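Chemist:
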Amino acid sequence: MKPVKVCFVSFLAYPLFNPAVNFEFGGAEVQLYYLATELAKDPRFEVVFMTGDFGQAARETREGVTIYKLIKISKGIKYIKTAHEYLRMALLLKKVDADVYIQRAAALLTGVVAMAAKAGRNKFIYMAAHDQDIMPEKPSWMLPGLVGDATWRLYKTGLKMADLVVVQHERQKEALKELYGKDGHIRPSAHRFSGNNDVVSKEFILWVARCEDWKQPDFFLDLAQHFPAESFCMVCPRSHDVALFEKIRAEAMRLPNMRFVDYVPFDEIDGYFAKARIFVNTSAREGFPNTFIQAMKTKTPILSLNVNPDGILEKNHLGRCANGDPSLLKHHCESMISDEQRWNTMSATAYKYAVRHHDIRCIIEDDKTMLLGLIRPDELDQ
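Under this note's numbering, the first residue of the sequence shown carries the number 56, and numbering increases by one thereafter.
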């Protein structure tokens, strides 16, 4: 029997396959990369990945995945969207003729891939990457005006057309049912684990995110100012908002207790989490951040200003959430710094939680069941 052909579509994922390419990506790309490369290890699946044009060959194979290049990606421009390029992408999607197409994160691309899949009578899976993906209002990162409105409408069309919607936690599932009448499949975000769980020297309080306004990096700068005796480290790659990046970088470099890093290769970032005493998230809203897992798997407790999916931080003793209160964020930070016994408990339970709930080696088996159930349900009975 021919293998199930799975096609992933993500413009910014190529640097994960080729670390020599220096370009910013996010958690959505990380999750698709892990899913694709793990799935490719199983001969029952043929895996294809369509990504942006970073100067690579038109077609190549990496980690068992066949990669096609699509739209040209340029520094300072998120996507170069032209009718010609999207038509070329649609034709390539048709040519690949996968059994199922998978796309993650709210974008115009969601609608394009969904319609291309349906035109070929193939299946489409959409994977939510943020709480705002499921909300009724246009996400804050989409362009204002008519262009952004059109993008949002096309995204929602793709979401409604999806044969399966994968969500990150229970609240997203509830919102999807309430707002769109669709049943969601909860899939925890997944990471690779090295097997080495030794605690290295904890040197600083860490923040890791792209420089986006909704990530609210200024709250981390304020935290560093409040604790001048503590060492802080900010890994902050530039995003499309160059002015914000320059502002944050200048302010960070004025702080004597702050180390500012504008780029770290993906295969080196775990080293920063391993050296972190506390990982701080200051985003206004997210889904389930990849950085939470990166912190937990290196035994680093989490301190969050707002993000706390399904209340996991306190419920599972992984860290603390300030529920949007900057003063409470500082209070929790001081407590986590001074209470060694509590820190040790959070550190140990964070690692155990990550292994139990986010190891790709376990989650991939559920992924396979999900895909076979959608494409070849008869195989599940064998």
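Backbone N, C-alpha and C define an ideal beta-carbon position, used for all residues, glycine too.
None of the values given here were measured: they were computed from a predicted structure.
Grab me the residues of Leu234's own chain with a C-beta within less than 8 Å of its C-beta, minus the 5 sequence neighbours each way, in chain order.
Modeler: The residues are Ile189, Met190, Pro191.
Chemist: Below 7 Å CB to CB, which residues in the same chain sit around Val255 once its five sequence neighbours on both sides are set aside?
Modeler: If we look at Val255 and ignore the five residues flanking it on each side, its Cβ neighbours are Ala329, Lys330.
Chemist: When the Cα of Glu93 is compared with those of Lys407, Ala161, Glu420, Arg293, which residue comes out closest?
Modeler: Closest by alpha carbon: Glu420.
Chemist: Among residues of its own chain, excluding the 5 on either side of Lys130, which ones have a beta-carbon nearer than 7 Å to its beta-carbon?
Modeler: No answer about Lys130 holds up, because its pLDDT of 47 lies below 50 and its placement is not dependable.
Chemist: Could you spell out the range, first to last residue, of the beta strand (DSSP E) harbouring Asn177?
Modeler: Asn177 -> no beta strand (DSSP E), and no H or E assigned at all.
Chemist: Determine the contact status of Lys211 and Gly166, defining contact as a CB-CB distance below 9 Å.
Modeler: The answer is yes: Cβ separation under 9 Å.
Chemist: List the DSSP bridge partners of Glu115.
Modeler: DSSP lists Ile122 as partners of Glu115.
Chemist: Give me the DSSP bridge partner(s) of Thr404.
Modeler: Beta-bridge pairing links Thr404 to no other residue.
Chemist: So Tyr156 is in the beta strand (DSSP E); what residue range does that whole segment cover?
Modeler: Segment 155-159, the beta strand (DSSP E) holding Tyr156.
Chemist: Is the beta carbon of Arg332 less than 9 Å from the beta carbon of Thr355?
Modeler: For Arg332 and Thr355, yes; Cβs fall inside 9 Å.
Chemist: Less than 8 Å between the CB atoms is what I'm expecting for Leu125 and Met144, so what's the real figure, rounded?
Modeler: With a Cβ gap of about 5 Å, Leu125 and Met144 count as contacting.
Chemist: Determine the direct distance from the alpha carbon of Met170 to that of Ala205, and round the result to whole angstroms.
Modeler: Roughly 15 Å between the two C-alpha positions.
Chemist: Please state the DSSP three-state secondary structure of Ser393.
Modeler: In this structure, Ser393 counts as helix in the three-state DSSP scheme.
Chemist: Find the nearest neighbour of Ser65 within the set Tyr123, Lys57, Gly119, judged by alpha-carbon distance.
Modeler: Taking only the C-alpha atoms, the option nearest Ser65 is Tyr123.
Chemist: Leaving aside the five residues before and after Val263 along the sequence, list all residues of the same chain whose C-beta is less than 6 Å from its C-beta, in chain order.
Modeler: Val290, Thr346.
Chemist: In three-state terms, what does DSSP make of Lys257?
Modeler: Lys257: coil per DSSP, three-state reduction.
Chemist: Does DSSP put Ser65 in a helix, a strand or coil?
Modeler: Looking at Ser65 - three-state DSSP - the assignment turns out to be coil, as it is neither helix nor strand.
Chemist: What did DSSP end up calling Ile241 once you bin it into helix, strand or coil?
Modeler: It is a strand residue.
Chemist: Keeping to the same chain, check which residues put their C-beta closer than 7 Å to that of Leu373; ignore five residues upstream and five downstream.
Modeler: Within the same chain, Leu373 has close Cβ partners Met351, Pro356, Ile357, Ile367, Met401, Thr404, Ala405, Tyr408.
Chemist: Using a 10 Å radius around the Cβ and a threshold of 16 neighbouring Cβ atoms, would you call Gly51 buried or exposed?
Modeler: Residue 51 falls outside the range modelled here, since the chain spans only 56 to 437, and no answer is possible.
Chemist: Would you check if the distance between the CB atom of Phe100 and the CB atom of Leu426 is smaller than 9 Å?
Modeler: For Phe100 and Leu426, yes; Cβs fall inside 9 Å.
Chemist: Three or more C-beta pairs closer than 8 Å, one from the segment 215-224 and one from the segment 272-281: is that the case here?
Modeler: Contact between the segment 215-224 and the segment 272-281 is absent, because fewer than three Cβ pairs lie under 8 Å.
Chemist: Which of the three DSSP states is assigned to Met229 in this structure?
Modeler: Just to set this straight, residue 229 is Glu in the shown sequence, not Met. Glu229: helix per DSSP, three-state reduction.
Chemist: Check whether the segment 68-77 touches the segment 314-329, taking contact to mean three or more Cβ pairs, one atom from each stretch, closer than 8 Å.
Modeler: Contact between the segment 68-77 and the segment 314-329 is present, because at least three Cβ pairs lie under 8 Å.
Chemist: Hey, could you find the ends of the alpha helix (DSSP H) Glu306 is sitting in?
Modeler: It spans 297-308 - the alpha helix (DSSP H) in which Glu306 sits, taken as one unbroken run.
Chemist: Expressed to the nearest angstrom, what Euclidean distance is found between the alpha-carbon atoms of Leu384 and Ala377?
Modeler: Taking the straight line from one Cα to the other gives about 5 Å.
Chemist: If you run the structure through DSSP and keep just helix, strand and coil, what is Gly236?
Modeler: In this structure, Gly236 counts as coil in the three-state DSSP scheme.
Chemist: Rank Phe63, Leu261, Tyr88, Lys215 by C-alpha distance to the C-alpha of Ala245 and give the top, closest one.
Modeler: Comparing Cα-Cα distances from Ala245 to each of Phe63, Leu261, Tyr88, Lys215, the minimum goes to Tyr88.
Chemist: Start and end of the beta strand (DSSP E) containing Asn336?
Modeler: Run containing Asn336: 331-336, per the beta strand (DSSP E) assignment.
Chemist: Give me the Cα-Cα distance between Phe315 and Ala307, rounded to the nearest whole angstrom.
Modeler: Each residue's alpha carbon lies about 6 Å from the other.
Chemist: Between Gly82, Pro58, Pro70, Tyr69, which lies nearest to Gln349 when the distance is taken from Cα to Cα?
Modeler: Answer by Cα proximity: Gly82.
Chemist: Going by DSSP in three states, Ile189 sits in which element: helix, strand or coil?
Modeler: Ile189: coil per DSSP, three-state reduction.
Chemist: Tell me the residue span of the beta strand (DSSP E) that contains Val1.
Modeler: Residue 1 lies beyond the range of the chain shown here (56 to 437); nothing can be said about it.
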